[in-house]
Amino acid sequence: MASGYVKRSTALVGLAVSKAPREALTKLYKETLVLLGSMPKSAQYRIHTEQITKQRLDVVEQESDIPQLENKLGAGQIEEVIQQAEDELSLAKKMQDWQPWEPLENPPPADQWKWP
Numbered sequence: 001m002a003s004g005y006v007k008r009s010t011a012l013v014g015l016a017v018s019k020a021p022r023e024a025l026t027k028l029y030k031e032t033l034v035l036l037g038s039m040p041k042s043a044q045y046r047i048h049t050e051q052i053t054k055q056r057l058d059v060v061e062q063e064s065d066i067p068q069l070e071n072k073l074g075a076g077q078i079e080e081v082i083q084q085a086e087d088e089l090s091l092a093k094k095m096q097d098w099q100p101w102e103p104l105e106n107p108p109p110a111d112q113w114k115w116p
């Protein structure tokens with residue numbers, strides 16, 4: 001790891017220290033981007049998730065110092081960020097199956113979106 005950084009514990013129950021966090025994040029973000037690329041360009045999930053994922057991937061590729069990377073990402077410890085990336089990849093797979101961008105099978109009731 002960069003600058004002799006050694007982390008012994010995350011101090012979070014059930015969350016082990018990652019031995020290669022940058023590599024793990026790079027792999028997860030790239031897998032997520034490939035999956036998002038197979039979704040329609042107009043899908044809001046794709047648009048927003050792709051934007052965040054690309055931003056985070058850029059930061060991971062540019063910063064080799066783990067404490068600085070954690071600071072720049074601003075999303076907790078690097079192991080928490082890895083967990084978030086794993087969760088997002090899992091959700092992207094589910095969204096691909098669910099295809100929420102497709103039209104509804106049954107039209108919604110006329111007043112469903114009306115607020116008093």
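Each residue of the sequence shown is one higher than the one before, counting from 1 in the UniProt record's numbering.
From the three backbone atoms N, C-alpha and C, an ideal C-beta is built for every residue, glycine too.
Everything numeric in this text was worked out from a predicted model, so none of it was measured.
- Each of Gln-84, Asp-111, Gln-55, Thr-32 was checked against the Cα of Met-95, and the nearest Cα belongs to Thr-32.
- As the crow flies, the alpha-carbon of Val-59 is around 11 Å from that of Ile-66.
- Under the Cβ criterion (8 Å, minimum of three pairs), the segment 72-79 does not count as touching the segment 40-52.
- In the structure shown, the three-state DSSP call for Arg-8 is coil.
- Following the DSSP letters along the chain, one finds Asn-71 inside the alpha helix (DSSP H) bounded by residues 66-73.
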